[in-house]
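S.K.: The listed protein sequences correspond, in order, to chains A and B.
First residue of the first sequence? That's 9 in this note's numbering, and the numbers climb one at a time after it.
First residue of the second sequence? That's -11 in this note's numbering, and the numbers climb one at a time after it.
All C-beta atoms, glycine included, are put in the ideal place defined by N, C-alpha and C.
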Amino acid sequence: MTESHIPHFRSKRDFEEYRKAAEEKWHELWNGSRTVVSVGVGSSSLAKGAAKVLREFEKHAGSDLVARKTGVDGADWSEVQVRVKRPNAPAVVYHHVTTDDVPTILAGKADDLILGVEGDAAYDGIQPISGLPFYKYQQRIVLANVGVIDPDSFEESVAVGAYSALYKALFEMSDEEVIAEMTAANLRGRGGAGFPAGIKWESGRKARVTPKFVVCNSHEGEPNVYKDRRIHEGDPHRILEGILVACVACGAERGYNYVGGEYPLAIKRFRRAVEDAERAGLIGKDIMGSGRDVAFRMRTGGGAYVCGEGSAMMYSIMGVRGQPRTKPPRSVEEGLWKRPTVANNTETLSNVRDIILKGGEWYSQFGTEKSKGTKLMTVQGPMNTMGLVEVPMGITLGTLVNEVWGGTRDGYTFKGIQTGGVSAGPLTPEYFDRPVDFDSLTDAGGMLGSGGFVVFDESVCAVDFARYLTAFNRVESCSKCVPCSLGNPALVEILDRIRLGRGSASDLPLIERTSKHIIELSLCGLGQVAPEPLLGMLQKFPEEFRRHAVDHVCDAGVCPMASDSVTVSLAAD
Amino acid sequence: MDLAVVKELIADLNPQDWQEAQELILAALQRVNERFGYVSVEAAQVVADHLGTTVPRVYGLLTFYADFRTEPRGKKFMLLCHGMSCYVMGSQKLVQTLQDNYGIGDGGTTAGGELTVQVVNGCLGVCDRAPIVEMDHEYYGKLTPETFNDLVQRVIAQVNAGAAS
Ligand SMILES: Cc1cc2nc3c(=O)[nH]c(=O)nc-3n(C[C@H](O)[C@H](O)[C@H](O)COP(=O)(O)O)c2cc1C
Ligand code: FES
């Protein structure tokens, strides 16, 4: 849609009128006489030429054709994706599109590129994409508009619901009611720890020291996940709205978003969203004439994984080294600038809009007993249909691997699936019937964490992978506490000895002993779980470790047995 | 490094109070680093003066946060993804190729100053094309040690051809 001027909302009426006009325009776009071509443009598809494809379609734009960009819908495997919606027909989804295909698609001939049609019914002999395993299991709440709206368009965002929850929280609900809905939803934090957001907000609201702050944790520094940046790229106003609602409910004076500095497109689109929201008067004084004030600041990180830890993130925002501190006091008591601070993950805050608009009870119908709602999940490794999905909590691991992500590509044999990023261990096919939620993977040595899964095949050596994961934690240790800053290098040293064929049987119990010390004595959540991936690999692939340590053989042929040089495995190694 | 440009880059960072000044130090350094590829001592001084802090404090940040460099980089700058998808699909071999063929590790620059390669501990977000590198906003995916080496060779040749002409 061509963006109309963004007015400054001085009253709730102003917002209502704008929203009504935006909705009508949105309806007109999809039900008018023009063909609407939407190209998914995000960091993943830009790497495959999405910008050029969009430019090519734009050349054909005119009175009968609109060419527009959207975020990417998560189906990385099918990029560049293009949706062509002709009048009186559902949108046809094309995949693997290049600039050369543009004329053929416009001529309605590129049948081999058709992935399906949108909606639930077949059309003109084309099957709906909702029947494809990648889409079939999805329940899109956070991602509902990702891949649908133009993320740079304030108007489209409002048309599909943006700031309606803020409006409701300001004019139709008390702050207690907002928090009650969050508590009823039983939304658990999506940053890894799974702490109930409603309870955290309640503590924030009750804190009596002022000013108070809300910080959205969009650092996403783990090497195994790419979900939060995709929300930024596809629906930035959803995140901003979640932060603003949290500020209102908790009585916070200012909201922050701390975004990983490595994600330029996420930063750019989010910044644009903030500017537009400021222009509209949704940030600042007297929001929509409600008498409530909320300020907002965006800060970007500098490539230190540990800065995703809550207290480290706050130090980073305060312009010092991001080194975690001991707790208590918790952040809701003493956080940013020593003031009560509610910190939530991006995905957590992205659920707020629907919970406020549809109710906590509605939300809690999805998911399992103890893990309500949906979860964004990503996969890496040699998978057929890899990408970002939003599925209800409790989907089984096997369904994810074999259906949603389409199993391993030809030529690759499934060996294991690393869970919980750098904080837990791998799982093997015998755990495929496990539901994926906050609690069900833990006793098997796995973890949901932030929802990033990594499938690895037979060409990956378990000892070498364990070294990679341990070395990551070693490099990323902030060096504040001794068990973590010296213990992790010690583990890497033992692993290198084994990889070089100089290990012995006694190295394996030594790994376990050293790990125990690091886990029990480290200061923060990084060190306390740093050895878990290694312990998990050791537990799931004991024979492989024995072969390395005792027989001095790497069956995968990866480790530099009997060589003098240690393979450099990580940045800053 | 042209310090006038540095000053201009951070001119619009006007903190209202001491706290905001602290919050803006990283942002200022990020702008300088992005523009020049590194932050020199002189630039650190400019930033420190502008925001009312000291160079040692600024250096404490530059050495903690992996995105910063304190030395100039080569004519071209490449990010080599070493996230988990890339690792599983063989990025380790690419790191090894750099070591074996060019004698450089993370953050190293080729002998002729043509190319600096930074190994990224995160994920570049294009995991289905792993292992992948990024240079000048272009991505080169599904690399093998051979195709990666060819790419590096091409970059070096291009830079040198550009310098000769
Ligand atoms: C080493 C480390 C890294 C972390 N990285 C992140 C991160 O990138 N994003 C995030 O939201 N939480 C991260 N966390 C978890 C945060 O400490 C915190 O629990 C979370 O942001 C709270 O939000 P939530 O309750 O909505 O999950 C990390 C924790 C540790 C120990
Ligand atoms: S791990 Fe390299 S692009 Fe994701």
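Answer yes or no: the CB of residue 101(A) versus the heavy atoms of ligand 2, is any distance below 8 Å?
M.R.: no
S.K.: Looking at residue 255(A): is its Cβ nearer than 9 Å to the Cβ of residue 222(A)?
M.R.: yes
S.K.: Closest Cβ-Cβ distance between residue 325(A) and chain B: below 9 Å?
M.R.: At a cut-off of 9 Å between C-beta atoms, residue 325(A) counts as an interface residue with respect to chain B.
S.K.: Could you please give me the residues that DSSP links to residue 97(B) through a beta bridge?
M.R.: Paired residues: 104(B).
S.K.: Drop a sphere of 10 angstroms on the beta-carbon of residue 48(B), count the other beta-carbons inside from all chains shown, and report buried for 16 or more, exposed for fewer.
M.R.: exposed
S.K.: Show which residues of chain A have a CB atom less than 7 Å away from the CB atom of residue 75(B).
M.R.: 476
S.K.: Is it buried or exposed for residue 142(B), if we count other Cβ within 10 angstroms and need 16 for buried?
M.R.: exposed
S.K.: Determine the direct distance from the alpha carbon of residue 357(A) to that of residue 194(A), and round the result to whole angstroms.
M.R.: 13 Å
S.K.: Taking Cβ positions only, does residue 109(B) come closer than 9 Å to chain A?
M.R.: yes
S.K.: For residue 580(A), which residues in the same chain have their Cβ closer than 8 Å to its Cβ, ignoring the five residues on either side in sequence?
M.R.: Its pLDDT being 42, under 50, residue 580(A) is placed unreliably by the model, and nothing is read from it.
S.K.: Would you say residue 14(B) and residue 155(A) are within 9 Å of each other, going by their C-beta atoms?
M.R.: For residue 14(B) and residue 155(A), no; Cβs fall outside 9 Å.
S.K.: Let me make sure I understand the geometry here. Which of 107(A), 71(A) and 86(A) has the alpha-carbon closest to that of residue 60(A)?
M.R.: 107(A)
S.K.: Could you check what DSSP says for residue 296(A) in three-state terms: helix, strand or coil?
M.R.: Secondary structure at residue 296(A): helix, using DSSP grouped into helix, strand and coil.
S.K.: From this set, 45(B), 102(B) and 127(B), which residue's C-alpha is nearest residue 148(B)'s C-alpha?
M.R.: 102(B)
S.K.: Under 9 Å, CB to CB, which of the residues in the stretch 303 to 315 of chain A have a partner in chain B?
M.R.: Only those residues of the stretch 303 to 315 of chain A whose C-beta falls short of 9 Å from the nearest C-beta of chain B are listed: 305, 307, 308, 309, 310, 311, 312, 313 and 315.
S.K.: Quick check on residue 60(B): does DSSP put it in helix, strand or coil?
M.R.: coil
S.K.: Along the alpha helix (DSSP H) that carries residue 33(A), what are the first and last residues, could you check?
M.R.: 20 to 39
S.K.: Can you check DSSP and say which residues form a bridge with residue 465(A)?
M.R.: Bridge partners of residue 465(A): 422(A).
S.K.: Select from the stretch 234 to 257 of chain A all residues with a C-beta closer than 7 Å to any C-beta belonging to chain B, and list them in chain order.
M.R.: 234 and 237
S.K.: Give me the Cβ distance between residue 78(A) and residue 158(A), rounded to the nearest whole Å; I'm assuming they're in contact under 8 Å.
M.R.: Indeed they touch by this definition, with Cβ atoms about 6 Å apart.
S.K.: What is the DSSP secondary structure of residue 48(B), counted as helix, strand or coil?
M.R.: DSSP, reduced to helix, strand and coil, places residue 48(B) within a helical segment of the structure shown.
S.K.: Exposed or buried, residue -9(B), counting other C-beta atoms within 10 Å across all chains shown (16 or more means buried)?
M.R.: exposed
S.K.: Do residue 121(B) and residue 389(A) have their C-beta atoms closer together than 9 Å?
M.R.: No.
S.K.: Please decide whether residue 489(A) counts as near chain B, where near means a Cβ-Cβ distance under 9 Å.
M.R.: Against chain B, the CB of residue 489(A) has no partner CB under 9 Å away; the residue lies outside that interface.
S.K.: How many angstroms separate the CA atom of residue 443(A) from the CA atom of residue 33(B)?
M.R.: 55 Å
S.K.: Scan the stretch 454 to 477 of chain A for residues whose Cβ lies nearer than 9 Å to a Cβ of chain B and list them as they occur along the chain.
M.R.: Within the stretch 454 to 477 of chain A, the residues whose Cβ lies closer than 9 Å to some Cβ of chain B are 460, 462, 463, 464, 465, 467, 468, 472, 473, 476 and 477, listed in chain order.
S.K.: Any idea if residue 263(A) is buried or exposed, counting beta-carbon neighbours within 10 angstroms, 16 or more meaning buried?
M.R.: buried
S.K.: State the Cα-Cα distance for the pair residue 10(B) and residue 531(A), rounded to the nearest angstrom.
M.R.: Between residue 10(B) and residue 531(A), the C-alpha separation is close to 26 Å.
S.K.: Can you grab the Cα-Cα spacing for the pair residue 61(B) / residue 169(A), in whole Å?
M.R.: 46 Å
S.K.: Please report how far the alpha carbon of residue 275(A) lies from the alpha carbon of residue 237(A), in whole angstroms.
M.R.: 9 Å
S.K.: Compute the minimum distance between the beta carbon of residue 157(B) and the heavy atoms of ligand 2, and state whether it is under 8 Å.
M.R.: Lying outside -11 to 153, the shown extent of chain B, residue 157(B) is not represented and no answer is given.
S.K.: So residue 241(A) packs on residue 273(A), CB below 8 Å; how close in whole Å?
M.R.: About 5 Å; that satisfies the 8 Å criterion.
S.K.: From the DSSP output, which residues share a beta bridge with residue 400(A)?
M.R.: Note: residue 400(A) is bridge-paired with 382(A) in the DSSP secondary-structure output.
S.K.: Rounded C-beta distance between residue 39(B) and residue -3(B)? I'm assuming under 8 Å.
M.R.: At roughly 13 Å, the Cβ-Cβ gap does not stay under 8 Å, so residue 39(B) and residue -3(B) are not in contact.
S.K.: Check this for me: beta carbons of residue 475(A) and residue 494(A), under 9 Å apart or not?
M.R.: no
S.K.: Quick check: the Cα distance between residue 405(A) and residue 449(A), rounded to an integer number of angstroms?
M.R.: 9 Å
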